[in-house]
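Encoded as structure tokens, the structure appears first; notes follow it.
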Amino acid sequence: MVVSTAKRIDVLSSQLYVQSKSFDEIYDMAKNKAEMLSCIPAIMPVKGTDIYRISSHYGHRTDPFYKVTKFHGGIDFSGPVGTGIYATGDGVVSKVEKNKSGYGNNIIVDHGYGYKTLYAHLLDKKFLVKKGQKVVRGEKIALSGNSGKSTGPHLHYEVIVKGSHVNPI
16 MVVSTAKRID VLSSQLYVQS KSFDEIYDMA KNKAEMLSCI PAIMPVKGTD
66 IYRISSHYGH RTDPFYKVTK FHGGIDFSGP VGTGIYATGD GVVSKVEKNK
116 SGYGNNIIVD HGYGYKTLYA HLLDKKFLVK KGQKVVRGEK IALSGNSGKS
166 TGPHLHYEVI VKGSHVNPI
């Protein structure tokens with residue numbers, strides 16, 4: 016009877032160890048999922064009270080400079096120069112660029128999990144973040160401007176997933 020009980024205890028001990036490892040894995044997965052959810056872009060890059068309107072949506076449109084149909088890989092939020100621009104998810108600033116053409120002054124945030132966001136046509140006098148800096152969702156990172164190839168003050172905002180543009184909405 017003692018031998019039989021000892022064998023049962025060994026079996027139960029082994030099952031308990033396997034079960035414990037399984038719970039540890041589930042806990043780690045849940046913890047990683049929460050981190051992933053905080054990184055995925057999920058809020059507007061401007062406060063609703065600070066924008067006039069969405070001046071251009073994602074997709075094909077008539078290019079305001081060349082007057083031909085071209086693909087627009089983001090959303091344009093028009094508003095006054097100096098409007099606050101906010102990180103849409105946790106991440107690391109991978110690029111801060113001052114440029115007089117194209118996207119103008121722009122910032123790219125790498126959120127991990129294949130997600131990146133681009134914030135373009137920013138005010139040239141004040142970037143609020145530096146390359147390599149960690150940012151959290153809702154943190155002010157820049158001010159809107161009219162830099163680069165732009166017809167007026169606005170934020171051009173893109174979401175890029177695994178190298179492909181997706182509709183930010």
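The numbering used here numbers the first residue of the sequence shown as 16 and each following residue consecutively.
Ideal Cβ placement from N, Cα and C applies to all residues, glycine included.
Computed from a predicted model, the values in this text were never measured in an experiment.
Any C-beta of chain B under 8 Å from that of F142: Absence of chain B from the displayed structure is noted, only one protein chain being present.
Proximity winner among H126, Y81, F86, I69, relative to H75 (alpha-carbon distances): Taking the first residue of the sequence shown as position 1, residue 75 is located at position 60. When the alpha-carbon of H75 is set against those of H126, Y81, F86, I69, the nearest one is in F86.
Nearest candidate by alpha-carbon position, reference I100, set K177, P183, Y134, L31: Taking the first residue of the sequence shown as position 1, residue 100 is located at position 85. When only C-alpha atoms are compared, the closest one is Y134.
Terminal residues of the beta strand (DSSP E) in which V181 lies: As a first step, residue 181 must be located in the sequence shown, where it is residue number 166. Run containing V181: 179-181, per the beta strand (DSSP E) assignment.
Straight-line gap, T20 to Q34 (C-alpha atoms, nearest Å): Walking along the sequence shown from the start, residue 20 turns up at place 5. Walking along the sequence shown from the start, residue 34 turns up at place 19. Going from the Cα of T20 to the Cα of Q34 covers about 21 Å.
Other residues of its chain near S116: CB distance less than 8 Å, five sequence neighbours each side excluded: The residue given as residue 116 occupies position 101 in the sequence shown. Counting only Cβ-Cβ distances below 8 Å, and skipping sequence neighbours, we find G163, K164.
Top-ranked residue by Cα proximity to I184, from T103, R152, E112, N114: For the purposes of this step, residue 184 is taken as the residue at position 169 of the sequence shown. Cα-wise, what sits closest to I184 is T103.
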